[in-house]
Amino acid sequence: MREEITSTIVTAGKQKISFTTSVRCALGTTSARALEDVIQRADTALYEAKTSERNCVTMDGVAAESRRTAA
């Protein structure tokens with residue numbers, strides 16, 4: 005899906021507009037409290053995706069932690 009979005013180019017007049025997509029996923033259970041936790045982790049992960057690596061798909065904190073360890 006990310007690659008499909010990235011390969012899409014929209015022409016508006018004489019300008020060409022391209023897109024990037026950053027997706028971070030969070031997993032959890034179905035209980036109400038767990039759902040709140042998942043939403044909070046997903047919100048934090050999305051913020052991290054927007055401010056760090058662009059045009060990527062990662063799981064809840066996994067890639068961010070890997071990058072910090074590798075640096």
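In our numbering, the protein residues as written are 5 to 75.
The beta carbon of each residue, even a glycine, is placed where N, CA and C say it ideally should be.
These numbers come from a predicted model, not from an experiment.
Taking the Cβ atom as the reference point for each residue, do residue 86 and residue 60 lie within a distance shorter than 8 Å? Any question about residue 86 goes unanswered here, given that the chain covers just 5 to 75.
Supposed contact pair residue 53 and residue 42 - C-beta distance, whole angstroms, cut 8 Å: Not quite, the Cβ-Cβ distance comes to about 16 Å (not below 8 Å), so this is no contact.
What are the start and end residues of the alpha helix (DSSP H) that includes residue 6? Annotation for residue 6: the continuous alpha helix (DSSP H) segment containing it runs 6-10.
Tell me, to the nearest whole angstrom, how far the beta carbon of residue 58 is from that of residue 10; I am working on the premise that it is less than 8 Å. Actually they are not in contact, since the Cβ atoms of residue 58 and residue 10 sit about 10 Å apart, beyond 8 Å.
Which stretch, first to last residue, makes up the beta strand (DSSP E) that contains residue 20? Run containing residue 20: 19-22, per the beta strand (DSSP E) assignment.
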